[in-house]
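Colleague: Just so we're aligned, residue 348 is where the sequence shown starts under the numbering used here, counting upward by one. The beta carbon of each residue, even a glycine, is placed where N, CA and C say it ideally should be. Since we're looking at a predicted model, the values are computed, not measured.
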Amino acid sequence: MRSTAELADASMRAAVAGDREAWLALYAEDALLEDPVGPSMWDAEGKGHRGKQALAAFWDRAIGPNRGLEFELRERYVGGNEVANVLTVRSALPDGQKIEFGMVTVLRSNAQGLIQSLRAFWNSGS
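(1) Report the residue from 428, 393, 438 and 441 whose alpha carbon sits nearest the alpha carbon of residue 468.
(2) Alpha carbon to alpha carbon, what distance is there between residue 375 and residue 457?
(3) List in chain order: all unbroken beta strand (DSSP E) runs of 3+ residues lying wholly within the segment 397-470.
(4) Please state whether DSSP places residue 391 in a helix, a strand or coil.
(5) Leaving out five residues on either side along the sequence, give the residues of the same chain with a beta carbon under 6 Å from the beta carbon of residue 385.
(6) For residue 378 and residue 417, I'd like the C-alpha separation in whole angstroms.
(7) Does the count of Cβ pairs from the segment 433-444 and the segment 399-409 closer than 8 Å reach three?
(8) Using 10 angstroms around the beta-carbon of residue 446, count the other beta-carbons present and answer buried if the total reaches 16, otherwise exposed.
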């Protein structure tokens with residue numbers, strides 16, 4: 348069974364590779380994804396995306412369209428079945444605009460070795 352840190356790494360690798368099915372396979376059926384935490388262009392109410400169908404829709408809107416996605420892991424903190432990663436994210440949007448921002452992700456795994464929740468806190472520099 349993978350550790351939560353290994354799940355976090357696998358999630359980032361799948362996103363970078365553009366592998367939607369591998370990414371979805373890492374999550375529990377009732378997983379909650381908040382990326383970013385709070386209201387956003389992908390989650391107007393700020394309640395997150397719960398369940399595989401909602402995560403698949405999130406991928407299609409938010410992750411899949413990116414080009415050249417990169418995660419730079421700057422720091423990692425592990426406690427129990429949770430891991431917090433301090434990252435720099437770089438990508439090119441579908442229109443070619445390049446973006447870079449800081450992010451802290453907090454992942455929790457379940458007893459089956461799947462991601463139960465992922466909370467992403469963004470720092471867009473504003």
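Modeller: Let me spell this out:
(1) 393
(2) 8 Å
(3) 414-426, 429-439, 445-456 and 462-470
(4) coil
(5) 393
(6) 24 Å
(7) no
(8) exposed
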